[in-house]
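Novice: To start, I am sharing the structure in question, which I have written as structure tokens.
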Amino acid sequence: MVFIILWIFQVLFFESFYRKVKLDRIDDVADNIVDIVGDDGIVDDDYNNLYHIAVDNDISIKVYSKYMYAKCDISTAYNDFTQITGYNQTAFYIKDIRESSNGEVSYIVRDERSEKEILVYGCVIGSKSDPQGYLLLGTPLELVDSTVTIIKEQMYIISAILIILGFVISFLASKMISDPIIKITKSAKNLGKGDYNVTFEGKGYDEAETLAETLTYAAKEISRADTLQRDLIANVSHDLRTPLTMLKAYAEMIRDLSGNNPIKRQEHLNIIIEETDRLAMLVTDMLDLSKMESGKDELNCTVFDISSKLSDIMTRYKGISERMGYNIYFEPDESAEVCCDVVKIEQVIYNLINNAINYTGEDKSVYVKQINQPEGVRIEVRDTGQGISPENIKLIFDKYYRSENHKREVVGTGLGLSIVKAILKKHNFAYGVQSTLGKGSTFWFVINRAKQFGPEPMPKELKERER
Ligand code: ADP
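Numbering (my numbering), first residue to last: -16 to 450.
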């Protein structure tokens, strides 16, 4: 575009520009001369002035009296004005000046002898109605050609230099832009092949660096998810194999040994039932989580009293606490209506209480607390176990994460808290955990009030119709 504009102005329109500038210039000079020779005619000093004007501007000057008598004739060396200002031509010019509307004329005249174009300018001295004389000025236009040629030549050189420079700069710039992207693409291919330790390099410019950093971060996250998934398969297959081995062992024992011994058989069958429960739990957890995560599991929100729901749950734990010596303390608040998916929230509460039972300390105590707050109902489940270190706190809600030192008797899949997280997130409820090493942990979440999350209020007409 710059080239095109330059070419248009420098080459195509140059001549007309040049002529216009020349005409403006000659017009100014004419005004100047009219001032000098105006009222008092041409005095001695004026010749000098006119001569300087002529030389400085390369303009030939002819001043005539009103009877066409030449009073002053200055021709510059480059500009043989005399050739085109013979008696007849001058008479023609002056007649034109007289007939022109503003007392000014201009022509481009070709001097046949020198074959040069000359700009001739004529005007009246004094007023048109009362002329004191006439002024004719001439300046060569042929300079245009040489100037245009020079400029054209320069334009070719400039164009060539700029095109080469343009190529070099765009080559370097595109290299600078594409190099990091090529490197990133290469690393991304490696990542695709499963090399999670790949680092992305994007040195060069800000955006590429940010992209590289983001991809490196993504690769790390993928790697972590992959490790967790592998751990899960290891955990799950371990967790599946153990009960299966037990099932097989006890089934064989019943077949071969205790089939006819009702007491032994009963004992063995109980073990089989317990192990089957363990298996069923694992499978249910996996199904629940995959359903929640696939987004197919819609929430079925209803309004209910959370306080009585918690009391119900507590009664169901009575059996275990009595049998296994756990103390589960419940500290209720006033009854409060909430709106959420009751089955899922129950699952959250069960998971938290089960974890608390599994991980609580020697005193075998678990504390469940309901706290009514303006924004919702906070539910806390506290245990007195070993607590969770700050770096593990970040991980426990992750899928498949289980602490390395979990005991076999702590039945678990590493999915419990992921299910809790998925359910609470789907409800948009706040949740978290506070834990002190050696003292225990408190898991909490806040169920929003029924008002905010309740079903749509019934439209007025429907209410009236119901009435
Ligand atoms: P799990 O089936 O192993 O309990 P969860 O997802 O419920 O799976 O918990 C993940 C991990 O978080 C557990 O393995 C355990 O290390 C830790 N954790 C969960 N609850 C508690 C708790 N109350 N006290 C200490 N650690 C806990």
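Where a beta carbon is used, it is the ideal one built from N, C-alpha and C, also for glycine.
Got a sec? Which residues, its chain only, sit under 6 Å from ARG391 by beta carbon, not counting five neighbours each side?
Specialist: Within the sequence shown, residue 391 is the residue found at index 408, counting from 1. Note that ARG391 has pLDDT 43, beneath the 50 cutoff, so the model's placement of it is unreliable and the number below is only indicative. The answer is none, since no qualifying residue turns up.
Novice: Specify the secondary structure class of GLY185 as computed by DSSP and reduced to three states.
Specialist: Sequence index remark: in the sequence shown, residue 185 carries index 202 (1-based). Residue state, collapsed to three classes: coil.
Novice: Whole angstroms are fine: how far does the CA of GLU358 sit from the CA of LYS326?
Specialist: Translated into the one-based positions of the sequence shown, residue 326 becomes position 343. Translated into the one-based positions of the sequence shown, residue 358 becomes position 375. Note that residue 326 corresponds to Val in the displayed sequence, not to Lys. Cα-Cα distance, rounded: 22 Å.
Novice: From ILE36, ILE379 and LEU252, pick the residue whose C-alpha is nearest to that of LEU211; which is it?
Specialist: Against the sequence shown, residue 211 aligns to sequence position 228. That would be ILE379, whose Cα lies nearest to the Cα of LEU211.
Novice: CB of ALA171 to nearest heavy atom of ligand 1: below 7 Å?
Specialist: To locate residue 171, count along the sequence shown from 1; it is residue 188. No.
Novice: Figure out for me which residue from SER318, SER418 and VAL364 has the closest Cα to the Cα of SER348.
Specialist: Taking the sequence shown and counting its residues from 1, one reaches residue 348 at position 365. Closest by alpha carbon: VAL364.
Novice: Using the Cβ count rule (16 or more neighbours within 10 Å means buried), how would you classify HIS410?
Specialist: Position 427 of the sequence shown, counting from 1, holds the residue named residue 410. The residue is buried, with at least 16 neighbouring Cβ atoms inside 10 Å.
Novice: Taking the C-alpha atoms as reference points, what is the distance between PRO245 and ILE254?
Specialist: Position 262 of the sequence shown, counted from the start, is the residue given in the question as residue 245. Position 271 of the sequence shown, counted from the start, is the residue given in the question as residue 254. Distance between the alpha carbons of PRO245 and ILE254 is about 14 Å.
Novice: On the DSSP bridge assignment, give the partners of ALA53 in chain order.
Specialist: For the purposes of this step, residue 53 is taken as the residue at position 70 of the sequence shown. Looking at the DSSP assignment, ALA53 forms a beta bridge with TYR47.
Novice: Please tell me whether VAL88 and ASP79 are closer than 8 Å, where the distance is taken between their beta carbons.
Specialist: Translated into positions along the sequence shown, residue 88 becomes position 105. Translated into positions along the sequence shown, residue 79 becomes position 96. Taking 8 Å as the Cβ cut-off, VAL88 and ASP79 qualify as a contacting pair.
Novice: Quick one, are the C-beta atoms of GLU320 and ASP346 less than 8 Å apart?
Specialist: Working through the sequence shown from its first residue, we reach residue 320 at position 337. Working through the sequence shown from its first residue, we reach residue 346 at position 363. No, Cβ-Cβ distance for GLU320 and ASP346 is not below 8 Å.
Novice: Give me the Cβ distance between SER48 and GLY116, rounded to the nearest whole Å; I'm assuming they're in contact under 8 Å.
Specialist: Sequence index remark: in the sequence shown, residue 48 carries index 65 (1-based). Sequence index remark: in the sequence shown, residue 116 carries index 133 (1-based). Contact holds; Cβ gap of about 5 Å.
Novice: Does DSSP put ILE91 in a helix, a strand or coil?
Specialist: By 1-based counting over the sequence shown, the position of residue 91 is 108. Correct three-state label for ILE91: strand.
Novice: Are the CB atoms of PRO226 and LEU262 nearer to each other than 8 Å?
Specialist: For the purposes of this step, residue 226 is taken as the residue at position 243 of the sequence shown. For the purposes of this step, residue 262 is taken as the residue at position 279 of the sequence shown. Yes. Within cutoff.
Novice: Which same chain residues end up closer than 6 Å to THR425 when comparing Cβ atoms and leaving out the 5 residues on each side of it in sequence?
Specialist: Numbered from 1 along the sequence shown, position 442 holds the residue referred to as residue 425. Closer than 6 Å at Cβ, skipping near neighbours: GLU363, ARG365 and GLN417.
Novice: Looking at PRO163 and GLU184, is the spacing between their C-beta atoms short of 8 Å?
Specialist: One-based indexing of the sequence shown puts residue 184 at position 201. One-based indexing of the sequence shown puts residue 163 at position 180. Taking 8 Å as the Cβ cut-off, GLU184 and PRO163 qualify as a contacting pair.
Novice: So, with DSSP's three-state summary, where would you put LYS390?
Specialist: Here residue 390 corresponds to residue number 407 of the sequence shown, with the count starting at 1. Residue placement at LYS390 is flagged as unreliable, the pLDDT there being 48, under the threshold of 50; the coordinate-derived value follows with that caveat. In the structure shown, LYS390 sits in coil (DSSP, three-state: anything other than H, G, I, E or B).
Novice: Taking DSSP as the reference, what is the three-state secondary structure of GLY451?
Specialist: Nothing about residue 451 can be read from this structure; the chain reaches only from -16 to 450.
Novice: Check the C-beta distance from ILE167 over to LEU148 and give it rounded, since I have them as a contact under 8 Å.
Specialist: Residue 167 sits at position 184 when you count from the first residue of the sequence shown. Residue 148 sits at position 165 when you count from the first residue of the sequence shown. At roughly 29 Å, the Cβ-Cβ gap does not stay under 8 Å, so ILE167 and LEU148 are not in contact.
Novice: In the stretch 337 to 390, which residue ranges form an unbroken alpha helix (DSSP H) of at least 4 residues, counting only runs that do not cross its ends?
Specialist: Those alpha helix (DSSP H) runs which fall completely within the stretch 337 to 390 and span 4+ residues are 373 to 379.
Novice: Note the first and the last residue of the continuous beta strand (DSSP E) segment covering GLU320.
Specialist: Here residue 320 corresponds to residue number 337 of the sequence shown, with the count starting at 1. Residues 320 to 324.
Novice: Is there at least one non-hydrogen atom of ligand 1 closer than 7 Å to the beta-carbon of TYR312?
Specialist: The count along the sequence shown starts at 1 and reaches residue 312 at position 329. It does not: the Cβ of TYR312 is nowhere closer than 7 Å to a heavy atom of ligand 1.
Novice: Kindly list the residues whose CB is nearer than 6 Å to the CB of ILE406, restricted to its own chain and excluding five residues on each side of it in sequence; keep chain order.
Specialist: Here residue 406 refers to the residue found at position 423 of the sequence shown. Hits under 6 Å: LYS327 and VAL331.
Novice: Using DSSP with H/G/I as helix, E/B as strand and the rest coil, what is GLU109?
Specialist: Stepping through the sequence shown from its first residue, residue 109 is reached at position 126. Just to set this straight, residue 109 is Gly in the shown sequence, not Glu. Reduced to three states, the DSSP call for GLY109 is strand.
Novice: Assuming ALA202 contacts TYR179 under a Cβ cut-off of 8 Å, what Cβ separation, rounded to an integer in Å, is found between them?
Specialist: On the sequence shown, residue 202 is found 219 positions in, with the first residue counted as 1. On the sequence shown, residue 179 is found 196 positions in, with the first residue counted as 1. Contact holds; Cβ gap of about 6 Å.
Novice: Quick one: is MET307 buried, meaning 16 or more other Cβ sit within 10 Å of its Cβ, or exposed?
Specialist: Reading the sequence shown from its first residue, position 324 is the one you call residue 307. So MET307 ends up on the exposed side.
Novice: With respect to 7 Å, is the separation between the Cβ of GLY415 and the closest non-hydrogen atom of ligand 1 below this value?
Specialist: Along the sequence shown, one-based indexing puts residue 415 at 432. Incorrect: GLY415 has no Cβ contact closer than 7 Å to ligand 1.
Novice: Going by CA-CA distance only, name the one from ILE144, LEU270, THR68 and CYS106 that's closest to GLY86.
Specialist: The residue given as residue 86 occupies position 103 in the sequence shown. It is CYS106.
Novice: Just curious, the beta strand (DSSP E) that PHE287 is in, first and last residue?
Specialist: Mapped onto the sequence shown, residue 287 falls at position 304. Looking at the DSSP string, the run of the beta strand (DSSP E) that includes PHE287 is 284 to 288.
Novice: Assuming contact is defined by CB atoms lying nearer than 8 Å, are ASN32 and ILE19 in contact in what I supplied?
Specialist: Position 49 of the sequence shown, counted from the first residue, corresponds to residue 32. Position 36 of the sequence shown, counted from the first residue, corresponds to residue 19. Yes; because the gap between Cβ atoms is below 8 Å, this pair is in contact.
Novice: Is VAL26 helix, strand or coil when you go by DSSP?
Specialist: One-based indexing of the sequence shown puts residue 26 at position 43. If DSSP states are grouped into helix, strand and coil, VAL26 belongs with coil.
Novice: How is the alpha helix (DSSP H) around ASN15 delimited, first residue to last?
Specialist: Position 32 of the sequence shown, counted from the start, is the residue given in the question as residue 15. Where ASN15 is concerned, the enclosing alpha helix (DSSP H) stretches over -3 to 20.
Novice: 8 Å is my cut-off, CB to CB: does PRO245 come that close to chain B?
Specialist: The structure shown has no chain B; it contains just one protein chain.
Novice: Count the CB pairs spanning the stretch 332 to 344 and the stretch 294 to 304 that are closer than 8 Å, and state whether there are at least three.
Specialist: Taking 8 Å as the limit for Cβ pairs, the verdict is that the stretch 294 to 304 does touch the stretch 332 to 344.
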